[in-house]
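S.K.:
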Amino acid sequence: METWLKAARDQAARLGEDIQKQAILLADDAGQKGKREVTFRAGPMGFELEGVHVAFVEPDGQAQQQGVCPGDKLISIAGYVIPENPKEESVKRWLDEMIRPGRLTFMTEAKSGASSLPPAVAFPKESDGGESLGEDGWQDSDFAVPADMLDDASSSRRSPDLEPSPEARLRAELYAAKDEARSLERELEDCRAECHELRHFAAEKADGSLAATRSEERLLRLNDQVALQRKESEELRKRNRELQAQLETLSSTCDELRRESAQNEDRAMEAMESRSQVLEEEEKAELLSAIANDDVLQMLAVLRRADGNSLMSSVGSALHVATMYGSPGCTKQLLADRATIDCCDKDGHTPLHYAAVEGDAEVVQLLIDARADLFFPTRDARARLMGGGLSIDMAGGRTALHLAAENGNPEAASALVGACGALAAVLDLDGATAWDVALREGAKNGGHVSKSRLAVAELLHPGKAPPSCEELRALAAHDAAQRKRRLDDLEAQQKQQAALRKEMRGLPADHGYQSPWPQLYTGLDLRQYLSPPLAAALALPTAARAKALQALCAEIAPEVFALRVFPEDEEGLTARLLEELTAIERWATQSAWELSRPNSMNRYGLVLRDVGLDFFLQTLQAQCVRPLASALWPEKYRDLSEVHGFTVRYKEGEDRLLETHVDSSELTLNLCLGGSFQGGGVYFHGHHGSSEDPMETPHPANCTRCLATHCHQPGVALLHDGRCIHGAQPLSAGERTNLVLWCRAPAALNSAAWLGWRGGAGQCPEW
Ligand SMILES: O=C(O)CCC(=O)C(=O)O
Ligand SMILES: [Fe+2]
Numbered sequence: 001m002e003t004w005l006k007a008a009r010d011q012a013a014r015l016g017e018d019i020q021k022q023a024i025l026l027a028d029d030a031g032q033k034g035k036r037e038v039t040f041r042a043g044p045m046g047f048e049l050e051g052v053h054v055a056f057v058e059p060d061g062q063a064q065q066q067g068v069c070p071g072d073k074l075i076s077i078a079g080y081v082i083p084e085n086p087k088e089e090s091v092k093r094w095l096d097e098m099i100r101p102g103r104l105t106f107m108t109e110a111k112s113g114a115s116s117l118p119p120a121v122a123f124p125k126e127s128d129g130g131e132s133l134g135e136d137g138w139q140d141s142d143f144a145v146p147a148d149m150l151d152d153a154s155s156s157r158r159s160p161d162l163e164p165s166p167e168a169r170l171r172a173e174l175y176a177a178k179d180e181a182r183s184l185e186r187e188l189e190d191c192r193a194e195c196h197e198l199r200h201f202a203a204e205k206a207d208g209s210l211a212a213t214r215s216e217e218r219l220l221r222l223n224d225q226v227a228l229q230r231k232e233s234e235e236l237r238k239r240n241r242e243l244q245a246q247l248e249t250l251s252s253t254c255d256e257l258r259r260e261s262a263q264n265e266d267r268a269m270e271a272m273e274s275r276s277q278v279l280e281e282e283e284k285a286e287l288l289s290a291i292a293n294d295d296v297l298q299m300l301a302v303l304r305r306a307d308g309n310s311l312m313s314s315v316g317s318a319l320h321v322a323t324m325y326g327s328p329g330c331t332k333q334l335l336a337d338r339a340t341i342d343c344c345d346k347d348g349h350t351p352l353h354y355a356a357v358e359g360d361a362e363v364v365q366l367l368i369d370a371r372a373d374l375f376f377p378t379r380d381a382r383a384r385l386m387g388g389g390l391s392i393d394m395a396g397g398r399t400a401l402h403l404a405a406e407n408g409n410p411e412a413a414s415a416l417v418g419a420c421g422a423l424a425a426v427l428d429l430d431g432a433t434a435w436d437v438a439l440r441e442g443a444k445n446g447g448h449v450s451k452s453r454l455a456v457a458e459l460l461h462p463g464k465a466p467p468s469c470e471e472l473r474a475l476a477a478h479d480a481a482q483r484k485r486r487l488d489d490l491e492a493q494q495k496q497q498a499a500l501r502k503e504m505r506g507l508p509a510d511h512g513y514q515s516p517w518p519q520l521y522t523g524l525d526l527r528q529y530l531s532p533p534l535a536a537a538l539a540l541p542t543a544a545r546a547k548a549l550q551a552l553c554a555e556i557a558p559e560v561f562a563l564r565v566f567p568e569d570e571e572g573l574t575a576r577l578l579e580e581l582t583a584i585e586r587w588a589t590q591s592a593w594e595l596s597r598p599n600s601m602n603r604y605g606l607v608l609r610d611v612g613l614d615f616f617l618q619t620l621q622a623q624c625v626r627p628l629a630s631a632l633w634p635e636k637y638r639d640l641s642e643v644h645g646f647t648v649r650y651k652e653g654e655d656r657l658l659e660t661h662v663d664s665s666e667l668t669l670n671l672c673l674g675g676s677f678q679g680g681g682v683y684f685h686g687h688h689g690s691s692e693d694p695m696e697t698p699h700p701a702n703c704t705r706c707l708a709t710h711c712h713q714p715g716v717a718l719l720h721d722g723r724c725i726h727g728a729q730p731l732s733a734g735e736r737t738n739l740v741l742w743c744r745a746p747a748a749l750n751s752a753a754w755l756g757w758r759g760g761a762g763q764c765p766e767w
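Residue numbering for the sequence shown follows the UniProt record's numbering, starting at 1 and increasing by one per position.
What follows is the structure, encoded as structure tokens:
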């Protein structure tokens, strides 16, 4: 069978070759009879088919250039005959698949029909399915025969007596297989492309999901890290808080230690100062006692240990003391030791002046012999006693002779005129000679001129009759009035100069002082520090305000009120103000900045204006004192614009008490700033009107005149009429600082006139 098949195949192959040759010959022959072969290069062919007929020829396309015309019939593609009625897509596909350059065979329609020749080979017919297949699996129409073998192509393409040759069959089989292979290849290609796309897509997906997984993992890791860091930062924060708390404790301990050390330093300084003061005081007392007893050896012993002049600086030199005590032995020794003869003490007195006052003729003579200046004049001076309440004016321009006459010392006067007779004619600043002074001074207190003064007068002008006592008194009063005018002018001038000097000097802040609380000097809203009930009452409209303020004040004695102004608060205004004052005082000591004393009675504390606290002072006066004054005394104080603000401090070693007095004010606000203390209450006797109250000094422990005593508390103030008689009891322990505002109308009476007006002696501090 195989041999048969092989033989059949071989025969078929030979037959096929023959047919092919024959077909080519026939085709060539047919070409000359209306067939046309056109070769197409790559690119558009330039025609469109409808079925197998050319429907449209593109102008200038390949087809037109080669003479293809609409209506031409395509009969073969690359030498393969197109079967009858092929599917249009198949023809198109065959055309597409033709390898270029490729040959197409067209038949001009006019020449088509019977004359058309079959091409050398035929395409297999496009099959619609298997139903029309013949026995051998091929349809008859699958095969074409060369056209010249047919009489009429339209009648049948297949000659009835021509069986499809085995060669044609094989060829057809081959082409069918090729065709299928091609379509399979295309499918494969499509599959491959799809596969590629899918793979790509899958890769992308995989990449995406990998990236997503990685991001997720990273996210988780980051979350873990964040949680860890959060935990760590929470711990750090906690630790930080702990450290902060520790730091705060440490810094407050530090502050306390610093405060303590500053206090200790202050205390140590004070102790040293007071120790050296004690030593000085002891030496001074020893020197004074030696000179008073005219104990020359003892005096020399002390002077060998210490500088006598500096010891005696408060009273003058050692020679001043020796002449004051009338000690000839010591005077002689000091003169022999070349003591300065004409030196002045703080009041402008020389040793000769004192000798003349004391009247020791021997001492006066020693000084005359030592060539003391006999013409050295005194100067106008005002001595203030009793806290400034009492003043004594002393005439300037007086020589030692005037002083000997004034004090009725005939021996001293005799020694002086004996030394220089011209002294008798010298006039003092009142225009009085020593003779005038001897008589007028003697008469001025209402009594008779003493014998000793008369003796001096007689010595100076023998036989000259003195004027009557009344005349002398009038002359003395005239002298005193002149002197007072001179001294008032001098005092006013000195005050003015002192104020100017202060102004020119500037404030501590101009000299490097840095306040811990600068707003205190510039822009403090006082209301936010006031005790809430007071702040609320002050905020009310005028009519309601007076009542509310009255309700907050306790009248502890007539015209003496107590009220809480600031809360008792460690961070509050009073405590901070106290801190500020301490800082200023410390700075002043370190910078040798002179702080003036608050008034002529209190020695410790400071004047607010001097340190730049004017603003605070005015605010307190305007926002607190004025509304309170008009609520408590609606008619009394119309003008309180002149204000003296100062602080006073009491403690052991400084001022411990304040003697009974009236203030140099019409209205006083006395606010306790703080400190820790015992005792030191303020007592009130009653109003200035009672002239029977002698302002007994010292204030008796069991005083029957006291109407009330106020115990100070930080933040609580007293508001009282300045002319109420009052004083501060001794502090028994600790330290107390108060802020005092003296308010009065401008040019109100000065303190002496104050006292004069209440008709008696007593104390009144000056400012
Ligand atoms: O509180 C003080 O120490 C001074 C009392 C006083 O003199 C006053 O209130 O005017
Ligand atoms: Fe007072």
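Think of the CB as a built atom: it goes at the ideal place given N, C-alpha and C, for glycine as much as any other residue.
1. Per the DSSP calculation, Val643 is bridged to which residue(s)?
2. Assign Asp10 to one of two classes, buried (16 or more other C-beta atoms within 10 Å of its C-beta) or exposed (fewer than that).
3. Buried or exposed: where does Leu150 fall if 16 or more other Cβ atoms within 10 Å of its Cβ makes it buried?
4. What span of residues does the beta strand (DSSP E) with Tyr683 cover, start to end?
5. Counting Cβ pairs closer than 8 angstroms, one from the segment 462-474 and one from the segment 412-422, do we hit at least three?
6. Within 10 angstroms of its Cβ, does Gly31 collect 16 or more other Cβ (buried), or is it exposed?
7. Output the residue ranges of the alpha helix (DSSP H) runs that lie fully inside the segment 435-493 and measure 4 residues or longer, sorted by chain position.
8. Say the cut is 6 angstroms; is the CB of Thr668 nearer than that to a heavy atom of ligand 1?
9. Taking the CB atoms as reference points, tell me whether Val449 and Ala443 lie closer together than 7 angstroms.
10. Going residue by residue through the segment 535-565, where are the continuous beta strand (DSSP E) segments of at least 3 residues, counting only ones entirely within it?
11. His353 and Thr378 look like a contact to me (Cβ under 8 angstroms); what is the Cβ gap, rounded to whole Å?
12. Could you tell me the alpha carbon to alpha carbon distance between Arg736 and Ser261, rounded to whole angstroms?
13. Does DSSP classify Phe106 as helix, strand or coil?
14. Which of helix, strand or coil does DSSP assign to Ser215?
15. Which residues in the same chain have their Cβ closer than 7 angstroms to the Cβ of Val607, if we skip the five residues on either side of it in sequence?
16. Compute the beta-carbon to beta-carbon distance between Ala552 and Leu540, rounded to the nearest angstrom, for a pair I have assumed lies under 8 angstroms.
17. With 7 angstroms as the threshold, decide whether the Cβ of Arg501 is near any Cβ in chain C.
18. Per DSSP, what kind of secondary structure is Glu232 in: helix, strand or coil?
19. Would you check whether ligand 1 has a heavy atom nearer than 6 angstroms to the C-beta of residue 776?
20. May I ask you to report which of helix, strand or coil DSSP gives Asp10?
21. Within 10 angstroms of its Cβ, does Glu585 collect 16 or more other Cβ (buried), or is it exposed?
22. Give the straight-line distance between the Cα atoms of Pro101 and Thr108, rounded to the nearest whole angstrom.
23. Please report the residue range of the beta strand (DSSP E) in which Gly727 lies.
24. Give the single residue among Gln482, Leu403, Ser591 whose Cα lies nearest to the Cα of Ala457.
25. May I have the straight-line CA-CA distance separating Glu654 from Ser600, to the nearest angstrom?
26. With burial defined as no fewer than 16 other Cβ atoms inside 10 Å of the residue's Cβ, what is the status of Phe143: buried or exposed?
27. Got a sec: does ligand 1 put a non-hydrogen atom nearer than 6 angstroms to the Cβ of Ala728?
28. Count the other C-beta atoms from every protein chain shown that fall within 10 angstroms of the C-beta of Lys636, then say buried if there are 16 or more, exposed otherwise.
29. Between Arg440 and Arg486, what straight-line distance do the alpha-carbon atoms span, to the nearest angstrom?
30. Which partner residues does Gln678 have in the DSSP bridge list?
31. Does the beta-carbon of Ile99 have 16 or more other beta-carbons within 10 angstroms, so that it is buried, or is it exposed?
32. Check each candidate in Asp721, Ala745, Gln713 and name the one with the smallest Cα separation from Asn738.
33. Measuring alpha carbon to alpha carbon, tell me which residue in Gln277, Glu362, Ala575 is nearest Gly675.
34. What three-state label does DSSP hand Tyr354 in the structure shown?
M.R.: Reading off the structure:
1. Answer by DSSP bridge pairing, in chain order: Cys743.
2. It counts as exposed.
3. Its pLDDT being 38, under 50, Leu150 is placed unreliably in this model, and the value from its coordinates should be taken loosely. Answer is buried; the Cβ neighbour count reaches 16.
4. Note, Tyr683: beta strand (DSSP E), 682-686.
5. Contact between the segment 462-474 and the segment 412-422 is absent, with fewer than three C-beta pairs closer than 8 angstroms.
6. Residue placement at Gly31 cannot be trusted, given a pLDDT of 49 that sits under 50; what the coordinates show is reported in the next sentence. So Gly31 counts as exposed.
7. You should have 451-460.
8. Checking the Cβ of Thr668 against ligand 1 gives yes.
9. In this structure, Val449 places its C-beta atom within 7 angstroms of the C-beta atom of Ala443.
10. Entirely contained in the segment 535-565, the beta strand (DSSP E) runs reaching 3 residues are, in chain order, 554-557, 560-564.
11. At roughly 6 angstroms, the Cβ-Cβ gap stays under 8 angstroms, so His353 and Thr378 are in contact.
12. It is roughly 20 angstroms from the alpha-carbon of Arg736 to the alpha-carbon of Ser261.
13. DSSP places Phe106 in strand when its eight states are reduced to three.
14. The DSSP-derived three-state label of Ser215 is helix.
15. Same-chain partners within the cutoff: Ser596, Pro598, Phe646.
16. Just to set this straight, residue 552 is Leu in the shown sequence, not Ala. Not a contact, Cβ separation roughly 12 angstroms.
17. Note that chain C does not occur in the displayed structure, where there is just one protein chain.
18. When secondary structure is reduced to three states using DSSP, Glu232 falls in the helix class.
19. Given that the chain is displayed from residue 1 to residue 767, the structure contains no residue 776 and the question cannot be resolved.
20. In the structure shown, Asp10 sits in a helix (DSSP, three-state: H, G or I).
21. Result: buried.
22. Going by the C-alpha atoms only, they are around 22 angstroms apart.
23. Bounds of the beta strand (DSSP E) holding Gly727 are 725-728.
24. It is Leu403 whose Cα lies nearest to the Cα of Ala457.
25. In this structure, the CA atom of Glu654 is about 14 angstroms from the CA atom of Ser600.
26. For Phe143, the predicted model reports a pLDDT of 38, less than 50, meaning its position is unreliable; a value from the coordinates is still stated below. With 16 or more Cβ atoms within 10 Å of its Cβ, Phe143 is classed as buried.
27. Yes, ligand 1 has a heavy atom inside 6 angstroms of this Cβ.
28. Counting the other CB atoms within 10 Å of its CB gives Lys636 a total below 16, which places it among the exposed residues.
29. Spanning the two alpha carbons is a distance of roughly 19 angstroms.
30. Ala733.
31. With a threshold of 16 other beta carbon atoms within 10 Å, Ile99 falls short and is exposed.
32. Comparing Cα positions, the closest option is Gln713.
33. The shortest C-alpha separation from Gly675 is found at Ala575.
34. The three-state secondary structure of Tyr354, taken from DSSP, is helix.
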